[in-house]
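With the UniProt record's numbering, the residue at position 205 of the sequence shown is 205, and numbering never jumps. Every residue gets a Cβ at the ideal spot worked out from N, C-alpha and C, and that includes glycine.
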Amino acid sequence: MSGRGLWTYTRLEWATRPLPSSLVKTVGAIIRKWKKHKRTVNLPLTGAPCKISPCGVAMIMRTVRNQPRTTREHLVNDLKAAGTIVTKKTLRCEGLKSCSAHKVPLLKKAHVQARLKFANEHLNNSEENWVKCCGQMRPKSSSLASTQLAMFGGAGMLPMTPRTPSPLSNMEVETLCFGGFSAKGTGQHHRFKGLMEWGHVPSNIG
Numbered sequence: 001m002s003g004r005g006l007w008t009y010t011r012l013e014w015a016t017r018p019l020p021s022s023l024v025k026t027v028g029a030i031i032r033k034w035k036k037h038k039r040t041v042n043l044p045l046t047g048a049p050c051k052i053s054p055c056g057v058a059m060i061m062r063t064v065r066n067q068p069r070t071t072r073e074h075l076v077n078d079l080k081a082a083g084t085i086v087t088k089k090t091l092r093c094e095g096l097k098s099c100s101a102h103k104v105p106l107l108k109k110a111h112v113q114a115r116l117k118f119a120n121e122h123l124n125n126s127e128e129n130w131v132k133c134c135g136q137m138r139p140k141s142s143s144l145a146s147t148q149l150a151m152f153g154g155a156g157m158l159p160m161t162p163r164t165p166s167p168l169s170n171m172e173v174e175t176l177c178f179g180g181f182s183a184k185g186t187g188q189h190h191r192f193k194g195l196m197e198w199g200h201v202p203s204n205i206g
């Protein structure tokens with residue numbers, strides 16, 4: 001038997017083979033659907049249709065892309081002007097969820113009060129006391145050049161021991177530097193050596 005005859009025989013065998021039950025059910029369902037509805041495609045599901053048309057979705061995406069700070073209230077007004085009345089909840093259900101960053105202050109009120117209390121308590125400390133405090137924070141090894149440190153007081157001093165990791169492990173504390181900004185001054189940071197007394201303050205920042 002030639003190859004062409006073998007192919008014809010195989011095709012006839014598949015044509016005369018009975019269809020599987022799942023395919024028979026599918027074909028029967030299609031025939032019944034055609035007799036009843038005169039169509040083979042599925043009918044739309046029951047329920048409320050989409051409130052936002054594809055044209056409205058395109059307008060929303062274009063508005064949000066051009067103005068990222070647009071709110072849902074602005075989008076509702078734009079859709080209302082275009083003839084589609086929706087609510088902000090509908091926009092949220094469609095996936096347009098507005099998110100805003102939670103504003104957290106740099107320092108809480110308790111932290112500010114603690115720093116002010118520490119500054120008032122140690123306002124009249126001698127220079128030797130600050131040098132002693134800096135000597136406790138001097139690390140054993142330094143990989144960077146020596147730098148000056150402007151310290152801001154907390155609730156209390158943290159004694160540095162060999163087992164206590166220093167926050168300045170890569171720096172060497174050389175001197176304690178006091179500085180401040182003045183609203184009437186040049187706008188630059190001025191450093192004062194030793195005790196900060198009003199007589200040592202330059203006239204250009206007074």
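- With respect to the 8 Å criterion, residue 88 and residue 73 are classified as neighbours on the basis of their beta carbons.
- Excluding the 5 residues flanking it on each side, residue 79 has same chain C-beta neighbours closer than 8 Å at 52, 56, 59, 60, 85, 86, in chain order.
- Per the coordinates, the alpha-carbon of residue 104 lies some 14 Å from the alpha-carbon of residue 112.
- If you draw a straight line from the Cα of residue 121 to the Cα of residue 127, it is about 15 Å long.
- Taking a 10 Å sphere around the C-beta of residue 75, we find 16 or more other C-beta atoms and assign the residue as buried.
- Linking residue 119 to residue 62 through their CA atoms gives a straight-line distance of about 54 Å.
- Considered as a whole, the stretch 82-107 harbours 88-93 as its complete alpha helix (DSSP H) runs of no fewer than 4 residues, in chain order.
- Counting the other Cβ atoms within 10 Å of the Cβ of residue 107 gives fewer than 16, which makes it exposed.
- Closest by C-alpha distance to residue 49, out of 115, 129, 90, 28, is 90.
- In this structure, the alpha-carbon of residue 38 lies about 16 Å from that of residue 26.
- As the crow flies, the alpha-carbon of residue 28 is around 49 Å from that of residue 64.
- Taken atom to atom, the span from the alpha-carbon of residue 54 to that of residue 83 is near 14 Å.
- For residue 56, the enclosing alpha helix (DSSP H) covers residues 54-66.
- Under the three-state reduction of DSSP output, residue 46 falls in the coil class, being neither helix nor strand.
- For residue 111, the enclosing alpha helix (DSSP H) stretches over residues 109-121.
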